[in-house]
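Structure, as structure tokens:
In mature numbering (1 follows the signal peptide of the UniProt record, and there is no 0), the protein residues as written are -21 to -1, 1 to 116.
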């Protein structure tokens, strides 16, 4: 259940909280500062996770905001949780890495004339089932 709450929390944080470009740890809300304490910039998720839980930077809008797509309808969250505690930790790290990448991408197109302070996320729910939010945990 913790993992499911984490996923929902991450989606809500990105959708509703504007993020400052070129963010430093102290610029973030306290509950997000942990993202700067891990190796998310260099960590490579196992290929199976990348394939089965897709997200990607699609591009930038006219205002320079990064546009991220999360194909959440393809995410079999339930099976990630059911694979055990170690897999759940890896999956959680993968989700945190996505959030870290979104935050880092905010400033990529920022200029003195056009400070970018937001990211856009698109959640593709095609194929999503509410059954994914149920588990034995």
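Note that CB positions come from ideal geometry on N, CA and C, so glycine has one too.
Practice task
Could you please give me the residues that DSSP links to residue 101 through a beta bridge?
Solution key: Reading the chain shown from its first residue, position 122 is the one you call residue 101. Its beta-bridge partners are 48.
Handout entry: Proximal residues to residue 32 (C-beta, below 6 Å), its chain only, five neighbours per side dropped
Key = Here residue 32 refers to the residue found at position 53 of the chain shown. Counting only Cβ-Cβ distances below 6 Å, and skipping sequence neighbours, we find 54.
Practice task
With a 10 Å radius around its C-beta and 16 neighbouring C-beta atoms as the bar for buried, classify residue 37 as buried or exposed.
Solution key: For this step, residue 37 is matched to residue 58 along the chain shown. Exposed, because fewer than 16 other Cβ atoms sit within 10 Å of the Cβ of residue 37.
Practice task
Assign residue 107 to one of three DSSP states: helix, strand, or coil.
Solution key: Numbered from 1 along the chain shown, position 128 holds the residue referred to as residue 107. DSSP places residue 107 in coil when its eight states are reduced to three.
Handout entry: 8 Å Cβ cutoff met for residue 45 and residue 84
Key = The residue given as residue 45 occupies position 66 in the chain shown. The residue given as residue 84 occupies position 105 in the chain shown. Yes, these two residues count as a Cβ contact at 8 Å.
Practice task
Drop a sphere of 10 angstroms on the beta-carbon of residue 101, count the other beta-carbons inside from all chains shown, and report buried for 16 or more, exposed for fewer.
Solution key: To locate residue 101, count along the chain shown from 1; it is residue 122. Counting Cβ neighbours within 10 Å, residue 101 comes out exposed, since fewer than 16 surround it.
Handout entry: the region 8 to 18 / the region 65 to 81 touching (three or more Cβ pairs under 8 Å)
Key = yes
Handout entry: Inter-stretch contact at 8 Å, needing at least 3 Cβ pairs: the region 56 to 70 / the region 22 to 29
Key = yes
Problem - Beta carbon of residue 103 nearer than 8 Å to that of residue 51 - result: For the purposes of this step, residue 103 is taken as the residue at position 124 of the chain shown. For the purposes of this step, residue 51 is taken as the residue at position 72 of the chain shown. Yes, they are a contact pair.
Exercise for the section: Determine, using beta carbons only, whether residue 66 and residue 98 come nearer to each other than 8 Å. Expected result: On the chain shown, position 87 is the one that residue 66 refers to. On the chain shown, position 119 is the one that residue 98 refers to. No. Outside cutoff.
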